[in-house]
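Sequence positions in the sequence shown follow full-length UniProt numbering and run 1 to 272.
We put the CB at the ideal spot given by N, CA and C, even for glycine.
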Amino acid sequence: MYTSILEGVMLLWFALTIPFLIFVILDIRSTPENPILKLGFVLVTAYAGVIGAFLYVVGCREPLPGLHERYVSARWRQVLGSTIHCVAGDGIGILVGAVIGSVIHFSPFVDVAIEYSMGFLFGWAIFQSLFMRDMAGGSYKRSLASTFIPELLSMNLLMTAMIPISTISLANIPGGHNPLGVVFWFIFSMALLGGLGMAYPMNWWLVSNHLKHGMMTVRPKTHDSESMINKHTDMHHMKEVYPSRGIISIMASISILALAAGIIIAWFFGGL
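Written out as structure tokens, the structure reads:
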């Protein structure tokens, strides 16, 4: 009976994901947001279904024409944009790593190592540094250097939740290791959703200390608006206040300790 209920929940989850994903794909085209964050919300809706669509509507969708700049200026929405960017990019690498691990049948620990490595490399080298290199003056090398620490801190908190959720679920739910089945994708949907929640506080600190961007407003040059790109997320303004190396080291240590705690939980309850 437990299995039947769980299967029903999974089928309902993905049945609802499809129409909400279509809604976000179609609706976000008219939202004056940065193209990379648009892609981010589409990906997160694919990962998190109804919840991803809800986050798009309350966090990014322009409520009325001309209000996007003011709407997304709220700190919590800025942080949401930063977290969505992290989860969207890292999530692609993590899922590819999870599929590879399931097909080749590595040990759970090796699976996690592959997922972390691929998630970090894709999120850092592609989604952060390559796609957002204009914020570093167009230099990919400079972008790599400036985004490494923020990506590391955010990724560590994302995986703090993802590792125990996915490991424990895979160890206890039949069919979880088959990437062709719905169980596998449901498990990683839940893991990514948990990771989003865990990474949000760290992204709050990163955005508050001008180490990561949040939401942006991008309008056509002919559009009469108060700014082309939201001043709250302009990287030039992000240079005004910067935390000391000591503070950054403390936050990095906290992220590593959190990640270690997640690994210990996964080892104790999931046989990592």
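Of the choices 80, 75, 72, whose alpha-carbon is the least far from that of residue 51? Between residue 51 and the set 80, 75, 72, the nearest pair of CA atoms involves 80.
Residue 132 to residue 122, Cα distance in whole Å? If I take the Cα positions, the gap works out to 13 Å.
May I have the straight-line CA-CA distance separating residue 134 from residue 207, to the nearest angstrom? Pairing residue 134 with residue 207, the inter-Cα distance amounts to about 18 Å.
Chain-order list of residues whose beta-carbon lies under 7 Å from that of residue 153 (same chain, five-residue window excluded): Scanning its chain for C-beta atoms nearer than 7 Å, with the 5 sequence neighbours on each side dropped, one finds around residue 153 the residues 202, 206, 251, 252, 255, in chain order.
Beta-carbon proximity list for residue 266, same chain, < 6 Å, skipping 5 on both sides: Scanning its chain for C-beta atoms nearer than 6 Å, with the 5 sequence neighbours on each side dropped, one finds around residue 266 the residues 163, 164, 167, 272, in chain order.
Determine, using beta-carbon pairs with one atom in the segment 48-65 and one in the segment 76-94, whether at least three such pairs fall under 8 Å. Enough Cβ pairs lie closer than 8 Å, so yes.
Quick check: the segment 109-126 against the segment 80-100, are there 3 or more CB pairs under 8 Å? The answer is yes - the segment 80-100 touches the segment 109-126, with three or more Cβ pairs under 8 Å.
Extent of the continuous alpha helix (DSSP H) to which residue 80 belongs: Where residue 80 is concerned, the enclosing alpha helix (DSSP H) stretches over 75-104.
Give every residue of the same chain whose Cβ lies closer than 6 Å to the Cβ of residue 269, excluding the five residues on either side of it in the sequence, and list them in chain order. 168.
Reference residue 28, options 11, 53, 96, 5, closest by Cα: Residue nearest to residue 28 within the set 11, 53, 96, 5 is 53 (criterion: CA-CA distance).
Touching or not, the segment 30-47 and the segment 212-219, by the rule of three or more beta carbon pairs under 8 Å? By the Cβ rule, the segment 30-47 counts as touching the segment 212-219, because three or more pairs are nearer than 8 Å.
My understanding is that residue 158 touches residue 198, with C-beta atoms under 8 Å, so please give their C-beta distance in whole angstroms. The Cβ separation is near 6 Å, so the contact holds.
Once DSSP output is grouped into helix, strand and coil, what is the label at residue 234? The pLDDT assigned to residue 234 is 46, lower than 50, so where the model puts this residue is not dependable; a value taken from the coordinates is nonetheless given after this. Three-state DSSP puts residue 234 in coil, outside helix and strand.
For my contact list, residue 101 and residue 115 are in at a C-beta cut-off of 8 Å; report their separation, rounded to the angstrom. Their Cβ separation, rounded to whole angstroms, is 7 Å, which keeps residue 101 and residue 115 in contact under 8 Å.
Here's the rule: buried if 16 or more other CB atoms are within 10 angstroms of the residue's CB, otherwise exposed. What is residue 68? When all chains shown are included, residue 68 counts as buried.
Going by CA-CA distance only, name the one from 5, 210, 14, 183 that's closest to residue 99. Cα-wise, what sits closest to residue 99 is 183.
Measuring straight from C-alpha to C-alpha, what distance separates residue 161 and residue 83? Each residue's Cα considered, the two are about 14 Å apart.
Name the two residues that bound the continuous alpha helix (DSSP H) containing residue 315. As displayed, the chain neither begins before 1 nor continues past 272, which places residue 315 out of reach and without an answer.
If residue 287 and residue 193 are in contact, beta carbons under 8 Å, what's the gap, nearest whole angstrom? With the chain running from 1 to 272 in the structure shown, residue 287 is simply not present.
Residue 133 lies in the alpha helix (DSSP H); which residues open and close that run? DSSP places residue 133 in no alpha helix (DSSP H); its state is neither H nor E.
Taking residue 188 as the reference, which of 128, 129, 49 has the closest Cα? Of the listed residues, the one whose Cα sits closest to residue 188 is 49.
Secondary structure of residue 31, DSSP reduced to three states: Here residue 31 carries a coil assignment [DSSP, helix/strand/coil].
When you compare the CB positions of residue 108 and residue 171, do they come within less than 9 Å of one another, or not? Their beta carbons are under 9 Å apart, which means residue 108 touches residue 171 by this criterion.
Which same chain residues end up closer than 8 Å to residue 130 when comparing Cβ atoms and leaving out the 5 residues on each side of it in sequence? So the list reads 140, 143, once near-sequence residues are dropped.
Rank 126, 4, 42, 124 by C-alpha distance to the C-alpha of residue 26 and give the top, closest one. It is 42 whose Cα lies nearest to the Cα of residue 26.
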